[in-house]
Each structure stands twice: as C-alpha cells, then as structure tokens.
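Top to bottom, those sequences are chains R and F.
So in our numbering, spot 59 of the first sequence is number 63, and the numbers just go up one at a time.
So in our numbering, spot 65 of the second sequence is number 111, and the numbers just go up one at a time.
Okay, structure first, notes after.
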Amino acid sequence: MADLVCEDLSMTFTNPQTGAVVEALKDINFTLKKGELLSVLGPSGCGKTTLLNVIAGFLKATSGRVTLGGETITAPGVERGMVFQQGALFEWLPVSRNVDFGLRMKGSDPKESAALVEKWLEIVGLQGFGDTPTYQLSGGMQQRVALARCLINDPEVILMDEPLGALDALTREKMQSLVLELWKETGKTIMIITHSVEEALLLGERLFVMAPRPGRVHREYRLPFAERGLEESLREIKHDPYFSEMREEILTMIWDMEEEIMGRV
Amino acid sequence: MFEWLSDNRASIAAVLILVALGTLIWSIVVGRRQARLRANDEVFGDPVRTRGGWYWSVTGVSALFLVWSYYSWGVARAFFPDAANEMCQIAKLEEAISPIKAALPIGSRYYKSTLLASRNAAQLQELKEQLAAETAFSGAEKVTLAALITDVRALIANSSDPKNLSPETRDKLADITAKLKELAATLRAGPPAGLSPSAEALAQPKWGTTYTEIPMLPITARGMLFDAASGRAAEIASEFNKIRNNNPANDALIADIKTRIAALKKTNKSGEFDEKTRAEREGFVKAVERIFKRLDDGLIFPAAALRDVDAAIADLGAAEQDAKGGLRVAEALFFPGPGIVKSRTQCTEQGSARWLPKPTDVVAKFGQLANPDVENGGGYRGFPLLWWDWLPVSNIVAFFVPDWIADIWPGEYATHGPDGTITPNFKDKLLAIARGDVSLGSIPMLSGHIWDSLFRVLVALGLGIFLGVPLGLFMGVSRFFKSFFDPLIELYRPVPPLAWAPLILTIFGIQDDGKIFLLFMVAFAIMVISARTGASGVQLSKIRASHSLGASDRQIMWHVIFPNALPEILTGIRISVGVCWGTLVAAEMLAGTTGVGFVENIARTVSDYELIWVTILIMGVLGLVFDLMMRWIIKKTIPWRGMG
C-alpha cells in the first residue's frame, strides 16, 4: 500500500517585495497506485514542476498534503528518487562514485555497494564505465548514470523532471525504451514531467494534462501505449492511428491553452 | 673552477653573446618561414593563430639578452676588455684638467672671473642702496661708508682692466698656455715606442671581477700615454691655481680699505650704542668686508688675459680625441651613456651600465650568494641564501607551548632549600619545556634568506586556507554567516596590506610573527571570498539531488559544496600566493633581518646594483615556480573545471 496521494494540494507564491500572489497549484487531488506510470504534460507555467517539487519535498504546500504510503511528506527523502533534466551529476566523481553516492551517505558496506553498482550499471547499459569521469560521458549516458544513482537507493517513487528534454531524437527514443524497461522490471511508481506530447503518450500509463492560472489538472487519460511499448517497437506505436488521434487532440488542447494565455495577457 | 670562470667572464660573455646573436638570427629565419607556410590557412582573429610559435619566444629571449648585454656594457667588456682601462686613464686626464676648465668658458659657459666680477658688483650695488635707508649710522658715517663701497667696487674694475695686468702674471699665464700646448703635442705624438705597462698594472684584477669596478693602472701603451698626461696636467692645473692677478693699482687701495674697515670696526666696538644699533652697524660693516675679502686675493683676471689658455685647453681636448684613435669608435658604439668618470679614488661606469649589471656579473654574484659557506664570503650578512641547518626540536615545542601553561599548572614553582640548592619539580620542568630550555635533539631544517621568505608565505597561506575556506563555505550557504562577516571582511580587505604593516609590525613585532600575521590577513580575505563564490555557485539541482539521495546537511557541505567550490578555492590560492609574495617583500623591506626583501633593501642602501638584480631575479623565478606549481595542481585536481 505505498500509494502516492495528493489531497487538496494548493500552492501560492507571494513575492516578498511586491506582495503579488501567484497561484501555482490549486486543489490538486489524485492517487497514484504503486507501480503506476504517470506522465504530466502542460503549457509553460502550469505548475507541473512545482507539483513535482512539492512531492519531492523541496517545497512545502500552502494547503493540502501529499502522502506516500500513508505518511505525509515534509522533506526530501530517499524513498522518492529524483532525476533531473541535466543529470545533476557530481562531475568531480567518476561514474561508480556517483552511482553509490546515496549508499555512501548511508554508510553501507563498501563491498556490497560495489556489487550493487556493478548490477545497476549493467541494467542501465553502462558496464565497464565505472571509472570514467562523468564529464566525459554523452548526455544520454549521463542520464543513464542519473537513473542508476536514483534506483540503487531502491526508492518507492521515481520523480523525473523532463529527464530526456536535452537529448537528441535518437538517444531520446532509446532512453524512452529504457525507462519502460526499468518500469516493468522494477515495478516502481514513476512520475514523469515532460514537454513532449509524444513522450507523454508513450511513457504514460496515466496522463495528466495540466492547465495554468491557477495550476490544475485539466484532463486525465488512461493510455495503452506504455504497456504496448514493452512488447512493440516505439516507432510502430507512433504510427498507430489511435496514437496519432490522441496526439492531435492533446496538441490542440495545449495549443488552445497557450492561445488563451496570450489573449489574456 | 669558480675562480677561473670569474676571471674569464669577459671571454665567456663573448661566446654567449655570439651564440645569442646567432640564435636570434636563426629564430627569425625559422619564424619567417613558418609564417609564410601558415599564411594561407589562417584568418585574423582566429585564436588558433596563437598556438605554437616557440621560435618567437627564442627570438624574444635572445633579443632581451642582447639588449641587456649591450646596455650593461657586457658587449663592450666582452669584445674590448681593455677599453675601460684606457677610458679610465682618459677620465684621469679629464679630472686633472678640470680645475683649469672650471675657470674657463669651455667648462662652465662663463669665465670664472666674469661671474666673480658681476656677482660682487651686484652685491655692492645692493649694499649701497641699503645704506641710504640705514638708521644706525650718522650722516657723516654714511658718506664714509659710501666712499668705502665705491673703492671696493674699484677693485673689480682695476682687476678687469688688461692695462693693469702685471708682466709677472702675464708671463705665468703664457707659461701655462705653452705647457698645455706641449702636453697636446705629446698626446698627438702618440705613445712612444717601447712603452710597456708595469708588472703591478698587469697583476691588477680584471674589469669587473672584484669590488674594484675598473682597474686604475694603465695596461696599454695608449693608456700609459694618457696616464702620464694626466700627471702632467695635474701639475699644470696646480700651477694655474696659484696664479693671482696682483696688480700695483690695487695693492695700495687694498691696504687703504683694510685700515678703513678696521677703524669702522673699532668705532662699532667702543662706541655707546644700544644692542640693536650695534648689531646693525656690525652687520653692515661685516657685509662690506665679506665682499672685500673675495676681491682682495686677485682671482679676477681680465677676459683677454685668459683667452690663450682657453684656446690651449680647447686644443688639448682636440688632441685627446686624436690620441683616442680607434677607442673613439668603440666608445660611441658600445658604451651607451656618458662613459667612464674618475672620482677621487676610482673609475666608475656611468649611465645604464651603472644600474644595469652585466649578465655574467649577476650570475657570478648569485654564485657568491648561493655559496652556503658563510664563513668564507658565502651567503649574505652571515646567512646563506638557501641551505639547511640543525633546528632544535625544543624550539619548535616552545613555539607551540605558551609559558602560561606552566603558570596555571597546580602547585608552586620550586624554591631554593636551606643548603642553597634547588630541586626542580614538575612545574619547573614544564616551564623549561615551554621556554625551550631543554634538549630534545635537533632535526635538519631548511634555512637561509629565501627559505625565511618562503616559510612566512607558506605558513600565512596555510593559516589563511585553513580558516578562510570553512568560513567562506559557510558564508556561501548561510544568510547569517554571509551578513555577519561580510561587513567585517569587506572593511579591512580593501585597505592595502602595506597600510596595515606599520600597525601590525608594531603589535606583533618585526620578526616572523608580524609578517606572518600581515600575510595571513591578505590570504584570509582572498580565501574567504573565493570559497564563498565557489559555494554560492553550486547548482540547485545538485543540492536537490543530494537531498533526495539521503545526504545530511553536513554531508552535502563536505561531499557536494566543497568539491564544487574547489576550482574557485584553488584559483584563490593562486591569487593569494602572488599577493602574499608581493606584500612580504615590501614588509621585509620595512623591517626585519632576514628574507629576500631584506637583502634587496640593504643592497639598495649600499647601491649594490648586482645584488638588487639578483634579488629581483630570485623573486621573479620563485613567483614563476609558485604559479607553475599551482597551474599543475589545478590541472591535476580539478580536471572537470569548465565541463560540469
């Protein structure tokens, strides 16, 4: 019963100088069951990153609460792993030391850690790169390290903030497959923030489309593509008529929202 | 070996200069060829164009060496080792003739007689005008005084009139003229055959090899000619100085003026005057007498009477130039500056050669300083440049253990017993340790002026890093630390370190403590600022990632913020080293008894230019070594810099 539950979550930012108030999130309610894969999509400024930061514990909600397995979230914790857009790797450490960072902070046995590092490097496809300095890796490989660093702590939820946004198209596709594989193999709950409609469709068992001002969940979908992506090639799925239809629908929805914002400003 | 090198430094320099010249030409040829090869595939502004190009470095270094050699007269000494000696002989002649020249327009624009006549006449005129307003004298006395002044003025006129010139004086001046002409003729005739320098002259140390800058005794035939001429010129000058223009027209007048002044002085002394009047009267008479005494010894000659001597001196100058021969060319080409001048006891180089020592001499000086055998002339002021020595361990212990530790130890210090002896207890022994009065053996330790300077910089830098980095890191992450310490540091940091020096040296003493504290202040501020910049520059996502990976605040500080700030910290150390080094040298110049700056300061006071240059070069090389070391460390420890 390690469900992630958001109850009446609201978040307002007050500018300390001007006193202006921005409603970043308003009355967010959802339950993410263990092992679900959720992608969150929305125009810029709809509060999707704020939502993620609240769940991660970096920000405290103005009202409402987030619970994981019944426990209210108040601070960052190992049970909620984070993957950032740029990897946020420690460039002064080689790959293996980046991956076992969490274990070292915990004070785990170095031998066990070494075995775990080997295992996870293999899973993410980086066997043999343990001693490589991270700044010598390509963007895709850096994200693989970030995934391994997060997963080695065995978190219950993995939160990803536009993890593949900075990658080229080909690498991105490979990484999408990797994320699906990891999801299936580990059975972790995963929440992905993304800008790309295609990615949201492919990596979302569930999909939230958020709307801005105030930030809220505009529509929710349940999609079959993530499940299918485990068997079929992602490229084939993209040619599926249903996929195209969904893509058009969501694109139009977000397009309209952007238009609305422009009109209002 | 060292002696041989030292004695042959001129020849060694000649070889080096030829090599440098060859290298210069060769590197220019290589450079031009390379430039032509690369002319087509590079555009202006492309940074790639600055890569490589070692040959231009070679050109620069060899050109610098040649310019240095030239202006320090290194080239002159290498290729004309005897020239300075000859020039010294000529300088002797110049010095010998200078008293005559001083009386003539050739040396000082006006005849000395002209200046004497015009200045004294002007002063007499002034006195005459002053007399009219004088109240201390009666009317009758004023008339007497006016007549006296007129008569003193007449002395000038009498001396200046050629008609009054006595035949005796005229003969003497003619004699001088004839002797000068004879001297010029001797010079023009050149050195007589069979002239060879004395054994003593040949045994002299060579040019620049000892404390005597230039050997004084002539070692060439031409030098001997000039040396002999200078002796003769000195005799002529002495004769010339004795000539006085004592003409009969003045003789009677001088005696008369003397009695009149005596009478006036007598009146001043015996008369009934109040204090102020007497002082005024005496002052006026004394002023007249002073001018009279300048005129009564016949130093003013009619201009016409000296015209021949002037011509003869000009001719002697021309003869001197003729006799120089080839030396004239060498002097013009290879001795930039005013040449060699003889002072009372020695011949000295003038111009750039005076303050710019020859490259070989600097090396020789360094060799002398680097010699650790201080008893036999090595080192500087009884202290080596860089060597090692036994350092008693008890001194180190005493440095770290303060005396008050023994004071606060429970119990009392021992007192002398009934038999007058003392048995030290533990408290006494502790005090002995704290004061360094025990023998704990010795360890070898570097010592010397360079080490002392280095030691001060390293200790101060170490303290600055040890205390400054943690504070800077906390200031980078904490609003309290930043706001609390920022004004304190920013208030003292902008003050130039040397402005602090007088105060710090007064408080902490002129020995190591004061200097180390001064340098510590410098290093501390730089380290705080760089560590702070590094800490506050850490990416938010890295901090968040570490939180999510379960790191505690302390772990984030040590494992994330510190390594993230390392590039800035190392850059800070690099800057600190440079600033500390500069401050140290200035502080050592202000006060102290050891260190490179101290050596340079003493060298300055005794005008030892070679030593000054040696210290400058030592500092330059040490600074370079420091910086190369830091660059290497930075490259090794933070290869990720600029790649995160």
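Beta carbons are placed, not taken as given, at the ideal position from N, Cα and C, and that holds for glycine.
| Item | Value |
| --- | --- |
| ALA360/F to LEU402/F span [Cα, whole Å] | 34 Å |
| Boundaries of the alpha helix (DSSP H) in which LEU711/F is found, first to last residue | The first residue shown for chain F is 47 and the last is 690, placing residue 711/F beyond what the model contains. |
| Residue-level contact to chain F via CB, TRP187/R, 8 Å cutoff | no |
| Exposure of PHE472/F, with buried meaning 16 or more beta-carbon neighbours within 10 Å | exposed |
| Distance, LEU534/F Cα to VAL87/R Cα | 41 Å |
| is_contact[TRP124/R, chain F] using C-beta, thresh 8 Å | no |
| Where GLY269/F falls, given that 16 or more other Cβ within 10 Å makes a residue buried | buried |
| Helix, strand or coil at PHE17/R [DSSP, three-state] | strand |
| CB contact flag (ILE662/F, THR406/F, <8 Å) | no |
| Chain F residues whose Cβ lies nearer than 9 Å to that of GLY85/R | SER594, LEU595 |
| Neighbourhood of LEU477/F by C-beta, 6 Å cutoff - its chain only, sequence neighbours within 5 removed | ALA452 |
| Neighbouring residues, chain R, relative to TRP678/F (Cβ below 7 Å) | The contacting residues do not exist; TRP678/F stays about 18 Å from chain R at best. |
| Per-residue burial, ILE607/F [other beta carbons within 10 Å of its own, 16 or more giving buried] | buried |
| One or two residues paired with GLY224/R in a DSSP bridge | Sequence check: residue 224/R is Glu here, not Gly. GLU224/R pairs with PHE212/R. |
| C-alpha distance - THR160/F paired with PHE338/F, whole-angstrom precision | 17 Å |
| Three-pair Cβ contact test at 8 Å for the region 31-50 of chain R versus the region 8-19 of chain R | yes |
| Given LEU42/R as reference, the closest of TRP96/R, LEU163/R, LEU255/R once Cα atoms are compared | LEU163/R |
| Host alpha helix (DSSP H) of PRO384/F (start-end) | Unbroken run through PRO384/F: none, as it is neither H nor E. |
| Assumed close pair ASP158/R, THR53/R - CB separation to whole angstroms, cut-off 8 Å | That pair is no contact at about 25 Å. |
| Continuous alpha helix (DSSP H) assignments of at least 4 residues falling wholly in the region 178-238 of chain F | 185-206, 213-235 |
| Buried or exposed (CB count within 10 angstroms, at least 16 for buried), TYR426/F | buried |
| Top-ranked residue by Cα proximity to LEU141/R, from GLY111/R, VAL121/R, LEU97/R, CYS154/R | LEU97/R |
| Under the three-state DSSP convention, the category ASN293/F falls into | coil |
| Sequence-distant residues of its chain with Cβ nearer than 6 Å to ALA571/F (five each side left out) | ILE535, ARG539 |
| Beta-carbon proximity check, GLY518/F vs ILE575/F, cutoff 8 Å | yes |
| Pick from THR313/F, ASP197/F, GLU281/F that is closest to ASP297/F, judged by C-alpha positions | ASP197/F |
| Where ASP87/F falls, given that 16 or more other Cβ within 10 Å makes a residue buried | exposed |
| Three-state secondary structure (DSSP) of LEU41/R | strand |
| Buried or exposed by the 16-neighbour rule on C-beta atoms within 10 Å, applied to GLU321/F | exposed |
| 3 or more residues per run - each beta strand (DSSP E) lying fully within the region 128-210 of chain R | 161-165, 193-197 |
| Proximity below 8 Å, CB of VAL213/R to CB of MET257/R | yes |
| Rounded C-alpha distance that separates LEU45/R from GLY134/R | 35 Å |
| Residues from the region 560-591 of chain F in contact with chain R, defined by Cβ distance under 7 Å | GLN585, SER587, LYS588, ARG590, ALA591 |
| Within-8 Å CB hit, ALA92/R to chain F | yes |
| Close Cβ partners of VAL625/F (< 6 Å) along its chain, the five nearest in sequence each way excluded | VAL568 |
| Rounded separation between ASP419/F and GLY494/F - CA only | 12 Å |
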